[in-house]
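Chains A and B are the protein sequences, given in the same order.
According to the working numbering, the residues represented by the first sequence are 1 to 206, in order.
According to the working numbering, the residues represented by the second sequence are 1001 to 1206, in order.
All C-beta atoms, glycine included, are put in the ideal place defined by N, C-alpha and C.
Heads up: the structure comes next, in structure tokens.
Protein chains: 2
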Amino acid sequence: MARKSGSSGEKTAIAVREAAIRLIAQHGFAAVSMRQIAREVGVQAGALYLYTPDKQSLLFDILKSHMEDLLSSWQDEAPGSDMAPEARLERFVRFHIRYHISRQDRVFISYMELRNLSPDNFVEIERLRRLYEDVLGEILSDGAAKGVFVMEDIRVTTMAMIAMLTGVSTWFREGGRLGPDDIAAHYISMSLRLAGAHVPMLAVAE
Amino acid sequence: MARKSGSSGEKTAIAVREAAIRLIAQHGFAAVSMRQIAREVGVQAGALYLYTPDKQSLLFDILKSHMEDLLSSWQDEAPGSDMAPEARLERFVRFHIRYHISRQDRVFISYMELRNLSPDNFVEIERLRRLYEDVLGEILSDGAAKGVFVMEDIRVTTMAMIAMLTGVSTWFREGGRLGPDDIAAHYISMSLRLAGAHVPMLAVAE
DNA sequence: TTGCTTACTGCACGAGCGTTCAGTTATGCT
DNA sequence: AGCATAACTGAACGCTCGTGCAGTAAGCAA
Chain A
1 MARKSGSSGE
11 KTAIAVREAA
21 IRLIAQHGFA
31 AVSMRQIARE
41 VGVQAGALYL
51 YTPDKQSLLF
61 DILKSHMEDL
71 LSSWQDEAPG
81 SDMAPEARLE
91 RFVRFHIRYH
101 ISRQDRVFIS
111 YMELRNLSPD
121 NFVEIERLRR
131 LYEDVLGEIL
141 SDGAAKGVFV
151 MEDIRVTTMA
161 MIAMLTGVST
171 WFREGGRLGP
181 DDIAAHYISM
191 SLRLAGAHVP
201 MLAVAE
Chain B
1001 MARKSGSSGE
1011 KTAIAVREAA
1021 IRLIAQHGFA
1031 AVSMRQIARE
1041 VGVQAGALYL
1051 YTPDKQSLLF
1061 DILKSHMEDL
1071 LSSWQDEAPG
1081 SDMAPEARLE
1091 RFVRFHIRYH
1101 ISRQDRVFIS
1111 YMELRNLSPD
1121 NFVEIERLRR
1131 LYEDVLGEIL
1141 SDGAAKGVFV
1151 MEDIRVTTMA
1161 MIAMLTGVST
1171 WFREGGRLGP
1181 DDIAAHYISM
1191 SLRLAGAHVP
1201 MLAVAE
């Protein structure tokens, strides 16, 4: 019989997930044992198997739900394709930076632990990842077609921009010199320049 | 007594290193066992301890010599600081892309396996890494001071550019649509735009 | 041939791994 | 109060891990 939400079992399920995310982000999937995760949660190792069939599924579920959440969060605030490419790019970059800053651990894991996925699981995560990359690719293509972005190679620019944007999660630390919104603003400028948009960012003394 | 170079022991030492690099790049440090490395080399696990005091040192030596090689390779072809910032940046980017394409495994390891280093070893690798980032930071600062680069934040631009450039190692595959030199050329254009250089890349129909 | 050194094997050690499961306790419904 | 079920323990399974070490085979100088 299904339990009411808010029951102790459900809370533990969430605790397991979060302990796993924290530990894997810190030490890496292969270096973290089920016993370590259990200790963090405050249970014995065997109890974890009430919430996951095995260690591999634990990783897969973290990565899969991260990617799905990323995609559906974007769907929620994606602008229509009738909007100007510059504005669409700005929206995408702001979304990406904020999301990646607020969920650093998940993001870190989901591109560090790809090689610890079983082949089948890897294929599925790659599919979702490509879907997300295509969001940016489509915006850049649209801008190029409309002549407002000027790039030598759209595919390379897409990969370069994704790497640049995602990189924020490797150096951002809470309480640093810049807040999330400052950083997002900087990345928006940089992305527009990278895309070859005709947007002078600053008044430049010639 | 020291052995002559080219002896069988030295060959094995190199084979151990290369097997370790290949396997760690593929599966991750924690997921690779000494027995796997030994099998790849064609010896028993115990024999590895003739070439490394322990597993941790094996990782550290790979990362340290990679960083030192990266830095000294750059020193060999670094332009003087009297050269124009645009030309210095071009030189740096071309070097970086070529280097990262030709040594994908080492590069991949050296930013994926940082968290598997012991604290002392981590500090040392971070020091070398920062030295390399400072190379780019100095070029960008110089360009900003001379007014040929226009950036909102030099530090953020440095981190963004490094992430963008290093990202090439995650998607480049031998025999793809573009060769290393094509890719380097694209990254040079993108870097100049990112730095806000006044260099129109293409003739643009307005 | 003898003797020294290098390169390596083969086995062992204790520890920890992922996972299973019979048994125990806690919880909430009737 | 009684009972079903959920939540969890604690011990065990077979296995692999990093590492140490006595012993051995091969190469070479004298």
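- The Cβ of A/His186 sits closer than 9 Å to at least one Cβ of chain B.
- The stretch 57-68 of chain A makes no contact with the stretch 167-176 of chain A, as fewer than three CB pairs between them are under 8 Å.
- In chain order, Ala30, Arg115 and Asn116 make up the part of chain A whose C-beta sits under 9 Å from the C-beta of B/His1027.
- Comparing alpha-carbon positions, the option among A/Tyr49, A/Asp54, A/Ala38 and A/Ile109 lying closest to A/Thr170 turns out to be A/Ile109.
- A distance below 8 Å between beta-carbons, with the five flanking residues on each side excluded, links B/Glu1077 to the following residues of its chain, in chain order: Arg1091 and Phe1095.
- Of the residues assessed, B/His1198 falls on the exposed side of the cut-off, its CB having fewer than 16 other CB atoms within 10 angstroms.
- A/Thr52 carries a coil assignment under DSSP once its states are collapsed to helix, strand and coil.
- The C-beta distance from A/Tyr51 to A/Thr12 rounds to 7 Å, short enough to meet the 8 Å contact threshold.
- Counting along the chain, the unbroken alpha helix (DSSP H) around A/Pro180 starts and ends at Pro180 to Leu194.
- Straight-line measurement puts the Cα of B/Glu1040 at about 26 Å from the Cα of B/Glu1068.
- Against chain B, a Cβ distance below 7 Å from A/Arg193 picks out Arg1193, Leu1194 and Gly1196.
- In the displayed model, A/Pro79 falls within coil according to three-state DSSP, outside both helix and strand.
- DSSP, reduced to helix, strand and coil, places B/Asp1105 within a helical segment of the structure shown.
- Here the stretch 177-190 of chain A does not lie against the stretch 1016-1033 of chain B, with fewer than 3 beta-carbon pairs under 8 Å apart.
- Here A/Ile24 really is in contact with A/Val32; their C-beta atoms are around 6 Å apart, less than 8 Å.
- In this structure, DSSP gives B/Met1151 a state outside helix and strand, which the three-state scheme calls coil.
- A Cβ-Cβ contact shorter than 9 Å links A/Leu194 with B/Leu1194.
- Around the beta carbon of B/Gly1080, a 10 Å sphere encloses fewer than 16 other beta carbons of the protein chains shown; the residue is thus reported as exposed.
- Between A/Val107 and A/Thr158 the beta-carbon gap is near 18 Å, outside 8 Å, which marks them as no contact.
- C-alpha of A/Arg103 to C-alpha of A/Glu113: approximately 16 Å in a straight line.
- From the beta-carbon of A/Trp171, the residues of chain B found nearer than 7 Å are Met1159.
- Looking from the CA of B/Ile1097, the closest CA among B/Val1168, B/Ser1191, B/Leu1192 and B/Asp1153 belongs to B/Val1168.
- Close to chain B, meaning a Cβ-Cβ distance shorter than 9 Å, are the following residues of the stretch 131-160 of chain A: Gly147, Val150, Met151, Glu152, Asp153, Arg155, Val156, Thr157, Met159 and Ala160.
- Bounds of the alpha helix (DSSP H) holding A/Gly137 are Pro119 to Ala145.
- Between the beta-carbon of B/Val1093 and that of B/Ala1030 there is about 33 Å, and that puts the pair past the 8 Å contact cut.
- Closer than 9 Å to the CB of A/Ala163 there is at least one CB belonging to chain B.
- For B/Gly1046, the secondary structure class from DSSP, reduced to helix, strand or coil, is helix.
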